[in-house]
Amino acid sequence: MGFSALEEMGRRAKEQEKPLWQVVWEEDCAFSQMEPAASLEKMKAMYRAMKEADASYQEELVSASGLVGGDGGRMARYVESGACLCGPFVGRMMERALKMAENNACMKRIVAAPTAGSCGVLPAVLLTCQEMLPAEEERILEALYVAAGVGEVIASRSSISGARGGCQAEIGASSAMAAAAVVTLKGGSPEAVFHGAAMALKNLLGLVCDPVAGLVEVPCVKRNVVGAVNALSAADMALAGIRSAIPPDQVIDAMRDVGDRMSVELRETGKGGLADTPAGRAVREQLEKQSRGGSQEDVG
Ligand code: SF4
């Protein structure tokens with residue numbers, strides 16, 4: 078897709094008197110030289126894969142490091158008990174975000190949206206909206222096109238990579254995409270869509286990428302929950318008429334600037350932040366010891 082500014086996407090929709098999702102869809106077809114029906118089929122397949130990944134969660138699975146597994150099931154039972162302080166809607170969303178991110182850590186099939194590390198945010202929000210609003214699948218697909226358009230602009234103006242821009246670029250981008258999708262689903266204006274995305278992104282500005290032992294597990298799995306909940310609150314603010322004081326494209330530019338100023342230790346190297354705590358270092362040492370032991374056994 079070729080949009081490099083949200084403002085440009087909004088202008089095109091206004092000039093052509095089309096909904097945002099349609100201009101993103103048409104741009105996608107033009108850019109990838111795909112028939113409209115084929116593009117839609119691809120989007121459907123992606124959403125189907127998200128649903129299948131959600132349904133195929135296995136609570137008993139634990140990641141190879143042993144750090145991650147089972148929290149999706151714990152959350153499901155807690156929500157089911159009625160005790161969840163955030164209520165059933167947000168509770169189900171949190172459960173799904175945990176499940177999908179655990180699926181990723183346990184090497185199961187997921188849809189990178191926009192990255193594997195942030196794969197839980199968009200499906201958690203959209204699957205829960207479909208189930209609990211409820212929303213028709215056709216509307217969800219439209220919302221996915223808008224999310225894709227927002228993701229494309231973030232990728233082209235800034236980054237969606239933790240190694241380049243920190244976790245604000247991964248969880249921040251996915252949260253902005255999810256906020257845009259929810260505002261679309263709820264019938265918000267293009268302005269509300271972009272401001273929802275901007276508020277989601279700005280609320281995660283400065284979030285560092287500090288995975289323990291360099292694995293996409295801790296803190297990644299739980300950050301997917303934060304990305305989803307943040308998306309919903311940003312969408313609600315936008316739908317209530319609240320606007321970002323900083324224009325949406327400028328928020329994305331600020332994210333790039335913050336990423337550029339972030340030290341390399343805080344950009345997916347596993348050398349700073351949580352990875353450099355005594356507990357984080359102990360995990361890394363333990364895993365290194367195990368891997369040395371494993372290779373000696375192999376050699377022997
Ligand atoms: S901490 Fe780093 S690896 Fe983990 S989700 Fe965030 S950006 Fe991705």
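For what it's worth, our numbering labels the leading residue of the sequence shown as 78, then goes sequentially. Cβ atoms here follow ideal geometry from the backbone N, Cα and C, with glycine treated the same way.
Cα-Cα separation between Arg-361 and Ile-248, rounded to whole angstroms
For Arg-361 and Ile-248, the distance between alpha carbons rounds to 23 Å.
Does Gly-350 come within less than 8 Å of chain E when only Cβ atoms are used?
Of the protein chains in the structure, only one exists, and it is not chain E.
Is Val-328 near the ligand SF4, judged by its Cβ being under 7 Å from some heavy atom?
No, the ligand SF4 has no heavy atom inside 7 Å of this Cβ.
Measure from the alpha carbon of Gln-99 to the alpha carbon of each residue in Pro-211, Leu-221, Ala-82 and Gly-159, then state which is nearest.
Selected option, being the one with the closest Cα: Leu-221.
Excluding the 5 residues flanking Cys-244 on each side, which residues of the same chain have their C-beta closer than 7 Å to its C-beta?
Around Cys-244: Leu-284, Val-285, Cys-286 and Arg-300.
Environment of Leu-162 [buried if 16+ CB atoms lie within 10 Å]:
So Leu-162 ends up on the exposed side.
Judging by CA-CA distance, which residue of Cys-206, Gly-347, Ser-142 and Ile-323 is the nearest neighbour of Ser-368?
Here the closest residue by C-alpha is Ser-142.
Going straight from the alpha carbon of Val-335 to that of Ala-246, what length do you get?
Approximately 10 Å between the Cα atoms of the pair.
Is the closest heavy atom of the ligand SF4 to the C-beta of Gly-336 under 7 Å?
With a cut-off of 7 Å, the C-beta of Gly-336 is classified as distant from the ligand SF4, since no heavy atom of the ligand falls inside that distance.
Rounded to whole angstroms, what's the CA-CA distance from Gln-373 to Val-293? Just pull it up for me.
Bear in mind that a pLDDT of 44 at Gln-373, under 50, signals an unreliable position, so the model cannot answer this.
Using the rule of at least 16 other Cβ atoms within 10 Å of the residue's Cβ for burial, across every protein chain shown, is Gly-370 buried or exposed?
With fewer than 16 other Cβ atoms inside 10 Å of its own Cβ, Gly-370 counts as exposed.
What distance in whole Å lies between the Cβ atoms of Ala-178 and Cys-196, which are believed to be in contact at a cut-off of 8 Å?
About 7 Å separates the beta carbon of Cys-196 from that of Ala-178, a gap short enough to meet the 8 Å contact definition.
Do the region 208–219 and the region 231–241 make contact, defined as three or more Cβ pairs closer than 8 Å?
No, the region 208–219 is not in contact with the region 231–241.
Mind checking whether the beta-carbon of Ser-195 lies closer than 7 Å to any heavy atom of the ligand SF4?
Taking 7 Å as the cut-off, one finds at least one heavy atom of the ligand SF4 near enough to the beta carbon of Ser-195.
Secondary structure of Arg-320, DSSP reduced to three states:
In the structure shown, Arg-320 sits in coil (DSSP, three-state: anything other than H, G, I, E or B).
Could you check where the alpha helix (DSSP H) with Pro-165 kicks off and where it finishes?
Membership of Pro-165 in the alpha helix (DSSP H) is indicated by the continuous run 164–182.
For Lys-366, count neighbouring C-beta atoms within 10 Å of its own C-beta (all shown protein chains included) and say buried if the count is 16 or more, exposed if not.
When all chains shown are included, Lys-366 counts as exposed.
Label Gly-194 either buried or exposed according to how many other C-beta atoms from any shown protein chain fall within 10 Å of its C-beta, with 16 as the threshold for buried.
Flag for Gly-194 reads buried.
Which first and last residues belong to the alpha helix (DSSP H) in which Tyr-435 is found?
Residue coverage of the chain in this structure runs from 78 to 377, which leaves residue 435 outside it and unanswerable.
For a minimum of 4 consecutive residues, which ranges assigned as the alpha helix (DSSP H) are wholly contained in the region 328–362?
Restricted to the region 328–362, not a single alpha helix (DSSP H) segment is unbroken, complete and at least 4 residues in length.
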